[in-house]
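Each remark here refers to the structure printed beneath this line.
Residue numbers (my numbering): 20 to 161.
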């Protein structure tokens, strides 16, 4: 496997832009891709992380930084960026914030009545009457 470094990939990226190879995901979890070369041959590209280093290998005859690696790297980055975005938890809804505040208020503030505190601070005595920004602010202190 070779270490991926931006300065060493410049020429390979340019060749990949010119050749526009077809990249197919073989196994996203294992970061394995098939890249169709300029003559129609398919080569397998694999990526790995080891000791904080980004590594890659291609089974083409070039045996170094080839455009197959550069092409597959862009797809690998896109695939894993989308996965990370999908893993982010969804923003809480108004209803879930209200439920959480009601469930946790008395444990955090056992001597403070929630309705009285809302009236004193917001001139409203129910959570349902508050904007989501206020609900998030209240939830953050719990």
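The beta carbon of each residue, even a glycine, is placed where N, CA and C say it ideally should be.
Computed from a predicted structure; not experimentally measured.
So, residue i versus residue j, is the Cβ gap smaller than 8 angstroms?
| i | j | result |
| --- | --- | --- |
| residue 117 | residue 137 | no |
| residue 95 | residue 39 | no |
| residue 89 | residue 42 | no |
| residue 32 | residue 74 | no |
| residue 57 | residue 45 | no |
| residue 154 | residue 113 | yes |
| residue 125 | residue 158 | no |
Going by DSSP, which residues form a beta bridge with residue i?
| i | result |
| --- | --- |
| residue 82 | Answer is none; residue 82 lacks a bridge partner. |
| residue 74 | 22 and 67 |
| residue 109 | Beta-bridge pairing links residue 109 to no other residue. |
| residue 61 | 55 |
What is the C-beta distance between residue i and residue j, in whole angstroms, given that I count them as a contact (C-beta under 8 angstroms)?
| i | j | result |
| --- | --- | --- |
| residue 79 | residue 72 | Actually they are not in contact, since the Cβ atoms of residue 79 and residue 72 sit about 21 angstroms apart, beyond 8 angstroms. |
| residue 149 | residue 127 | The Cβ separation is near 17 angstroms, so there is no contact. |
What span of residues does the beta strand (DSSP E) with residue i cover, start to end?
| i | result |
| --- | --- |
| residue 46 | 41 to 46 |
| residue 53 | 51 to 55 |
If I measure Cβ to Cβ from residue i and keep anything under 6 angstroms in the same chain, skipping five residues before and after, which residues do I get?
| i | result |
| --- | --- |
| residue 98 | 47 |
| residue 55 | 40, 41 and 61 |
| residue 104 | none |
Where do the ends of the alpha helix (DSSP H) carrying residue i lie?
| i | result |
| --- | --- |
| residue 116 | 113 to 127 |
| residue 154 | 151 to 160 |
| residue 136 | 133 to 141 |
To which residues of the same chain is residue i closer than 7 angstroms at the C-beta, ignoring the five residues directly before and after it?
| i | result |
| --- | --- |
| residue 85 | 31, 77 and 79 |
Excluding sequence positions up to five away, which residues of its chain have a Cβ less than 8 angstroms from the Cβ of residue i?
| i | result |
| --- | --- |
| residue 143 | 137 and 149 |
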